[in-house]
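Just so you know, the sequences run in chain order A and B. FYI, the UniProt record's numbering numbers position 59 of the first sequence as 59, with every residue one higher than the one before it. FYI, the UniProt record's numbering numbers position 3 of the second sequence as 3, with every residue one higher than the one before it. Down below is the structure, laid out as C-alpha cells.
Number of protein chains: 2
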Amino acid sequence: MRNRLKILRAERNWSQADLADRLSVSRQTVNAIETEKYDPSLPLAFKIADLFALRIEDIFAPA
Amino acid sequence: MRNRLKILRAERNWSQADLADRLSVSRQTVNAIETEKYDPSLPLAFKIADLFALRIEDIFAPA
DNA sequence: TCATTATGTAAAATAAACTTGACACAATGT
DNA sequence: ACATTGTGTCAAGTTTATTTTACATAATGA
Chain A
1 MRNRLKILRA ERNWSQADLA DRLSVSRQTV NAIETEKYDP SLPLAFKIAD
51 LFALRIEDIF APA
Chain B
1 MRNRLKILRA ERNWSQADLA DRLSVSRQTV NAIETEKYDP SLPLAFKIAD
51 LFALRIEDIF APA
C-alpha cells in the first residue's frame with residue numbers, strides 16, 4: 001500500500017522514532033509501513049490520519 | 001470499530017453473503033466486522049469504501 | 001576520533017485478521 | 001411438514017501486523 005508518511009514526516013522534521021512515539025507504536029512498525037513491508041491495521045491508519053489531520057485516503061492508496 | 005455496513009447492506013438489500021462475495025472475503029468475515037468482533041484490514045477497508053463509493057471515514061469510526 | 005542520530009533490516013514471539021467447515025435458530029415459502 | 005435463506009457463532013488452521021531485541025551502516029557533531 002503506497003503512502004505519504006515519509007513526506008508528511010519530512011514536512012514536520014520528524015524521525016521515524018518521533019512518529020512512532022506519537023502513534024504509540026514501535027519504530028520498526030513505522031519503518032515497515034514506510035518501506036511497504038506491510039499495511040497498518042485500520043485502527044492505526046485512523047490514528048495516523050488523525051495525527052496529520054488528513055483523511056486515510058489522502059495518506060494511503062491501495063497497491 | 002463502529003461501522004455502517006449493516007445499513008449500507010440494507011439499503012441495497014444485500015445479504016452478508018452477497019457482500020462477502022462482492023468483497024471476495026468469507027461470509028464470516030463480513031459478519032465478524034458487522035458484529036464488531038474485529039476490524040477489517042486496511043486493504044479490506046479500502047475495498048469496502050470503494051464498493052459503496054464512500055470514504056473509509058464515512059463507513060468506519062474508531063471505537 | 002568518538003559518540004550520537006537516523007534508517008534499514010532480521011529473528012522470534014504474540015496478537016489480530018481471515019479461512020474453511022460446521023451447527024443452531026428464526027423467518028419465509030412450498 | 002419440509003426446504004431454503006439469513007444471521008450468529010465456534011473451532012482449528014493460516015497469514016498478516018506488531019512487539020522486543022539486536023546488528024549494520026551512513027551522516028553529523030564534539
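Backbone N, C-alpha and C define an ideal beta-carbon position, used for all residues, glycine too. Quick caveat: nothing in here was measured; it's all calculated off a predicted structure.
Asp58/B and Lys6/B have their C-alpha atoms roughly 13 angstroms apart.
Annotation: Lys37/A is outside any alpha helix (DSSP H) and is labelled neither H nor E by DSSP. Bounds of the alpha helix (DSSP H) holding Arg12/A are Leu5 to Arg12. Taking a C-beta distance under 7 angstroms as the contact criterion, Ala20/A and Val30/A qualify as a contact pair.
In this structure, Arg2/B keeps its C-beta atom at 7 angstroms or more from the C-beta atom of Ala49/B. Here the alpha carbon of Asp18/A sits roughly 27 angstroms from the alpha carbon of Pro40/B. Taking C-beta separations shorter than 6 angstroms and ignoring five residues to either side along the sequence, the partners of Arg4/A in its chain run Ile59, following chain order. Taking a beta-carbon distance threshold of 7 angstroms, Ala45/B counts as an interface residue toward chain A.
A direct Cα-to-Cα measurement between Arg22/B and Ser15/A gives close to 40 angstroms.
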